[in-house]
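Novice: With the working numbering applied, the sequence shown corresponds to residues 24 to 165, in that order.
All C-beta atoms, glycine included, are put in the ideal place defined by N, C-alpha and C.
Following this message is one structure expressed as structure tokens.
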Amino acid sequence: MFQGASSLSLDAKGRLSVPTRHRDALNEMAEGQVTITKHPHGCLMLFPRPQWLLFRDRIAQLPMSAQWWKRIFLGNAMDVDMDGTGRVLISPELRQAVGLTRDAVLLGMGNHFELWDKATYDAQEAQAMQAQMPDVFQDFAF
């Protein structure tokens, strides 16, 4: 299970250094192989390859009425390998699609990560914190 937030910087070539606490797990579970694709909320999803294969199979089985969502998730997916120093190259197409610049936030989301442009994430989080909590939290005890 991946969890926690990390503030990171992309280098000039668009490479992201995976935090050490996640690097070992990614090497162990996926031999450093990850898949990156778009998320409809304006970020990227980064999956260890075995988790991506499960997600990909679920998406591929969606009906024709979800064809555009299949295109978004599957058509934009890029397989990449962590290099020897734990860096992952984020393609220019994916960086541009979500406005990912130098400063980024990597969020552990259980079986995958979300990768956000820091300014975009900060704005979206502030907006969410100002809004009313969803009904699903109505009976949730903190």
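Can you list, in chain order, the residues of its chain with a C-beta nearer than 6 Å to that of residue 75? Leave out the 5 residues immediately preceding and following it.
Specialist: Your numbering for residue 75 matches position 52 in the sequence shown. These residues qualify, in order along the chain: 58.
Novice: Any chance you could list the alpha helix (DSSP H) runs of at least 4 consecutive residues sitting entirely within the region 53 to 90, in chain order?
Specialist: The region 53 to 90 contains these whole alpha helix (DSSP H) runs: 72 to 83.
Novice: Is there at least one non-hydrogen atom of the ligand ATP closer than 8 Å to the beta-carbon of residue 161?
Specialist: The model depicted lacks the ligand ATP and carries no ligand whatsoever.
Novice: Mind checking which residues open and close the beta strand (DSSP E) that includes residue 26?
Specialist: Position 3 of the sequence shown holds residue 26. It spans 25 to 32 - the beta strand (DSSP E) in which residue 26 sits, taken as one unbroken run.
Novice: Does the separation of the CB atoms of residue 46 and residue 133 fall below 9 Å?
Specialist: Taking the first residue of the sequence shown as 1, we reach residue 46 at position 23. Taking the first residue of the sequence shown as 1, we reach residue 133 at position 110. Against a cut-off of 9 Å, the Cβ pair of residue 133 and residue 46 comes out as no contact.
Novice: Relative to the C-alpha of residue 38, which candidate in 158, 123, 131 and 151 has its C-alpha closest?
Specialist: Position 15 of the sequence shown, counted from the first residue, corresponds to residue 38. The option with the nearest alpha carbon to residue 38 is 123.
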